[in-house]
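Chains as they are written, first to last, in this note's numbering: chain A, 1 to 264; chain B, 265 to 528.
Just so you know, even glycine gets a beta-carbon here, dropped at the ideal spot from N, CA and C.
Below is one structure, written out as structure tokens; comments come after it.
2 protein chains.
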Amino acid sequence: MSVPLILISNDDGIQAAGLRALCEAMLTLGEVFVMAPEVERSAAGHAITLSDPLRVNEVDLGLPEVRAYSCSGTPADCVKLAILAVLPRRPDLVVSGINHGSNTGINVIYSGTISAATEGTILGVPSAAFSVDCWESPDFDPSKAVAQQVAREILEQGLPDGTILNVNIPNLPAEQLPPGLLDGQGYILTVHGKSDWQDQFDRRVDPQNRVYYWLAGRRRERKEPANTDEQTLRSGQVSITPLHYDLTHHRYLSDLAGWKLFQK
Amino acid sequence: MSVPLILISNDDGIQAAGLRALCEAMLTLGEVFVMAPEVERSAAGHAITLSDPLRVNEVDLGLPEVRAYSCSGTPADCVKLAILAVLPRRPDLVVSGINHGSNTGINVIYSGTISAATEGTILGVPSAAFSVDCWESPDFDPSKAVAQQVAREILEQGLPDGTILNVNIPNLPAEQLPPGLLDGQGYILTVHGKSDWQDQFDRRVDPQNRVYYWLAGRRRERKEPANTDEQTLRSGQVSITPLHYDLTHHRYLSDLAGWKLFQK
Numbered sequence: 001m002s003v004p005l006i007l008i009s010n011d012d013g014i015q016a017a018g019l020r021a022l023c024e025a026m027l028t029l030g031e032v033f034v035m036a037p038e039v040e041r042s043a044a045g046h047a048i049t050l051s052d053p054l055r056v057n058e059v060d061l062g063l064p065e066v067r068a069y070s071c072s073g074t075p076a077d078c079v080k081l082a083i084l085a086v087l088p089r090r091p092d093l094v095v096s097g098i099n100h101g102s103n104t105g106i107n108v109i110y111s112g113t114i115s116a117a118t119e120g121t122i123l124g125v126p127s128a129a130f131s132v133d134c135w136e137s138p139d140f141d142p143s144k145a146v147a148q149q150v151a152r153e154i155l156e157q158g159l160p161d162g163t164i165l166n167v168n169i170p171n172l173p174a175e176q177l178p179p180g181l182l183d184g185q186g187y188i189l190t191v192h193g194k195s196d197w198q199d200q201f202d203r204r205v206d207p208q209n210r211v212y213y214w215l216a217g218r219r220r221e222r223k224e225p226a227n228t229d230e231q232t233l234r235s236g237q238v239s240i241t242p243l244h245y246d247l248t249h250h251r252y253l254s255d256l257a258g259w260k261l262f263q264k
Numbered sequence: 265m266s267v268p269l270i271l272i273s274n275d276d277g278i279q280a281a282g283l284r285a286l287c288e289a290m291l292t293l294g295e296v297f298v299m300a301p302e303v304e305r306s307a308a309g310h311a312i313t314l315s316d317p318l319r320v321n322e323v324d325l326g327l328p329e330v331r332a333y334s335c336s337g338t339p340a341d342c343v344k345l346a347i348l349a350v351l352p353r354r355p356d357l358v359v360s361g362i363n364h365g366s367n368t369g370i371n372v373i374y375s376g377t378i379s380a381a382t383e384g385t386i387l388g389v390p391s392a393a394f395s396v397d398c399w400e401s402p403d404f405d406p407s408k409a410v411a412q413q414v415a416r417e418i419l420e421q422g423l424p425d426g427t428i429l430n431v432n433i434p435n436l437p438a439e440q441l442p443p444g445l446l447d448g449q450g451y452i453l454t455v456h457g458k459s460d461w462q463d464q465f466d467r468r469v470d471p472q473n474r475v476y477y478w479l480a481g482r483r484r485e486r487k488e489p490a491n492t493d494e495q496t497l498r499s500g501q502v503s504i505t506p507l508h509y510d511l512t513h514h515r516y517l518s519d520l521a522g523w524k525l526f527q528k
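As structure tokens, this is what we get:
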């Protein structure tokens with residue numbers, strides 16, 4: 001196999017420390033291209049840009065082996081544009097992150113980090129999202145080592161069509177992580193949980209006397225099984241959840257078939 | 265039961281003809297509030313606004329019984345803000361649409377119409393999305409009748425937690441729709457299919473000699489089972505798919521458990 005081509009994106013934007021950390025981790029595995037939003041696009045969901053043109057600028061990340069571009073669009077735009085119009089060939093892997101903050105439970109639905117990886121998968125490239133459980137300035141060294149192990153295994157094993165790996169890493173020093181992680185063992189296979197937020201809006205009045213609202217809220221503690229993404233992360237372990245984007249609620253199909261609507 | 269309170273949103277924006285059609289349809293079933301994006305937000309995915317304040321303005325839709333607001337945010341923002349900060353009480357139903365254009369297959373992932381309904385479900389309110397298979401100016405009368413039948417059944421039966429109904433309506437005159445539809449029968453229960461787009465980017469040069477890209481593409485015909493959303497719509501029938509947002513790829517969990525990463 002020739003040297004793998006690895007495309008990196010994120011939703012924290014081209015200047016994020018976590019993006020740089022992911023570049024450094026991936027350089028040990030292959031050739032690295034970056035296409036990331038020029039500004040932060042957290043909670044971008046799976047938005048794409050239809051009504052505006054997209055701009056691309058080459059950026060110097062201070063890593064001579066990395067070719068990096070910023071894009072005016074969303075995380076999903078970045079990955080779509082890179083694969084379809086900018087990269088010299090089809091990438092072997094798309095990785096997104098390392099996100100500043102976890103992507104577990106309901107956050108997965110809103111996350112631009114996940115959507116970048118999902119777009120890679122939609123375009124047929126094995127893809128993974130990496131997040132570290134810290135909104136401020138984490139030490140990215142342990143997460144880099146984790147990303148390397150996971151990415152190496154994906155490059156070796158491949159992923160079935162339509163599958164994204166969602167990796168969440170606790171914000172712990174390397175010596176407090178479970179033993180074996182940095183040798184590629186001891187990761188925890190999880191399911192997408194239901195942890196969510198107690199949302200509220202702050203209603204304020206601006207200097208022109210007009211009302212505006214800020215989204216505010218705090219994480220709600222939910223009782224849920226130990227094998228969920230959030231509970232695994234809470235226990236200090238690295239959670240890996242296989243996600244897909246077949247949204248059919250299969251378990252409910254037979255109940256629903258009894259509705260009058262579906263009678264002939 | 266008191267008169268149901270119905271919240272309406274969309275991604276085509278507050279001025280869309282499909283939004284007005286959905287208001288007219290819902291007025292026969294309950295009290296109607298609207299909170300919709302002030303501009304078009306198609307393909308907004310499940311984006312929410314974290315870094316900017318949200319503005320709300322009351323709008324006269326020319327329907328005296330409808331209280332309507334436009335919002336500076338995304339479809340998901342509209343529903344979240346309406347339910348948590350603006351509505352006089354918790355709604356009994358959230359409906360989104362009627363979207364100009366179908367939301368089947370991969371479009372479901374990108375759709376702001378779906379995300380408005382998903383947000384309703386996340387907040388614990390039964391929710392449905394309605395789309396008609398026409399990007400231009402459909403006759404909304406048949407779709408209005410369909411939306412009424414489906415909404416009435418949801419109000420009567422309820423929906424299990426975490427379930428969204430995704431309704432796609434062919435762009436046909438009432439007399440060409442399957443018999444029984446307007447009496448609330450003959451709808452087709454479907455699964456979320458894989459129909460998608462052959463995407464490409466048009467690379468252009470602006471008058472300042474700078475490069476920009478437009479997303480372009482056309483629908484790809486895929487062979488897929490007859491019980492998918494897209495194939496059902498193609499056959500001239502109304503497709504109803506129950507969606508959820510548990511993204512776990514359950515079928516792949518056991519395969520993945522064999523990876524070295526998950527060994528102790």
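Using a Cβ cut-off of 8 Å (strictly closer), state whether residue i contacts chain A.
i	result
I272/B	no
I312/B	yes
I433/B	no
T427/B	yes
R319/B	yes
I504/B	yes
E304/B	yes
P390/B	no
L327/B	no
Q449/B	yes
L348/B	yes
Closest to residue i by C-alpha separation, out of the options, would be which residue?
i	options	result
S360/B	S273/B, W399/B, T427/B	S273/B
L172/A	N166/A, K144/A, D161/A	K144/A
S459/B	R482/B, Q440/B, L441/B	R482/B
E302/B	P317/B, H514/B, C342/B	C342/B
H17/A	A44/A, G62/A, V32/A, E31/A	First, the residue type needs correcting, since residue 17/A is Ala and not His in the sequence shown. A17/A has its Cα closest to that of G62/A, out of A44/A, G62/A, V32/A, E31/A.
Q15/A	L50/A, V56/A, D60/A	D60/A
N371/B	A307/B, L517/B, E485/B, R486/B	A307/B
G124/A	I270/B, W461/B, L517/B	W461/B
S266/B	N363/B, V414/B, R354/B	R354/B
V455/B	N209/A, Y245/A, E31/A	Y245/A
N491/B	S366/B, I428/B, Y451/B, L286/B	Y451/B
R134/A	L215/A, G158/A, I98/A, G120/A	Rather than Arg, the amino acid found at residue 134/A in this sequence is Cys. The shortest Cα separation from C134/A among L215/A, G158/A, I98/A, G120/A belongs to I98/A.
K80/A	L27/A, A36/A, R41/A	A36/A
A513/B	G101/A, G162/A, P88/A	The displayed chain sequence assigns His, not Ala, to residue 513/B. Nearest option by C-alpha distance: G162/A.
G277/B	A346/B, T313/B, R331/B, H364/B	H364/B
L253/A	V320/B, P506/B, S518/B	P506/B
I504/B	R251/A, E221/A, L261/A, I240/A	L261/A
State yes or no: is the beta carbon of residue i nearer than 8 Å to at least one beta carbon in chain B?
i	result
E80/A	Rather than Glu, the amino acid found at residue 80/A in this sequence is Lys. Yes, K80/A lies at the interface with chain B (some Cβ there is under 8 Å from its Cβ).
A16/A	no
W259/A	yes
K264/A	yes
F201/A	yes
Hey, could you find the ends of the beta strand (DSSP E) residue i is sitting in?
i	result
Y477/B	475–484
D202/A	196–205
E322/B	320–323
R41/A	Premise fails: R41/A is in no beta strand (DSSP E) and is neither H nor E.
P242/A	239–243
L7/A	5–9
Y333/B	331–335
Which whole-angstrom value describes the C-beta separation of residue i and residue j, a residue pair presumed to lie in contact below a C-beta threshold of 8 Å?
i	j	result
L293/B	L446/B	Wrong, their Cβ atoms sit about 15 Å apart, outside the cutoff.
Y213/A	H310/B	About 19 Å; that fails the 8 Å criterion.
D356/B	P424/B	Actually they are not in contact, since the Cβ atoms of D356/B and P424/B sit about 16 Å apart, beyond 8 Å.
V34/A	L54/A	Wrong, their Cβ atoms sit about 16 Å apart, outside the cutoff.
Q237/A	P178/A	6 Å
A392/B	A381/B	6 Å
Q149/A	G184/A	4 Å
I164/A	V146/A	Actually they are not in contact, since the Cβ atoms of I164/A and V146/A sit about 17 Å apart, beyond 8 Å.
V358/B	L271/B	5 Å
L351/B	F201/A	Going by Cβ atoms, the distance from L351/B to F201/A rounds to 12 Å, so no, they are not a contact pair.
R41/A	P75/A	6 Å
L215/A	L314/B	6 Å
Could you check if residue i belongs to the surroundings of the ligand NAP, using beta carbon to heavy atom distance under 7 Å?
i	result
A300/B	The ligand NAP is absent from the structure shown, which contains no ligands of any kind.
Under DSSP, the alpha helix (DSSP H) around residue i begins and ends at which residues?
i	result
G376/B	376–386
C287/B	281–291
R353/B	R353/B -> no alpha helix (DSSP H), and no H or E assigned at all.
P143/A	Here residue 143/A is Ser; the residue named in the question, Pro, does not match the sequence. Taken as a continuous stretch (DSSP letters only), the alpha helix (DSSP H) holding S143/A covers 141–157.
C78/A	75–81
R515/B	Careful: R515/B lies outside any alpha helix (DSSP H) and carries neither H nor E.
L233/A	229–234
(request) Could you tell me whether the segment 65–76 of chain A touches the segment 484–495 of chain B, using the rule of 3 or more Cβ pairs below 8 Å? (result) With contact defined as three or more Cβ pairs closer than 8 Å, the segment 65–76 of chain A and the segment 484–495 of chain B are not in contact.
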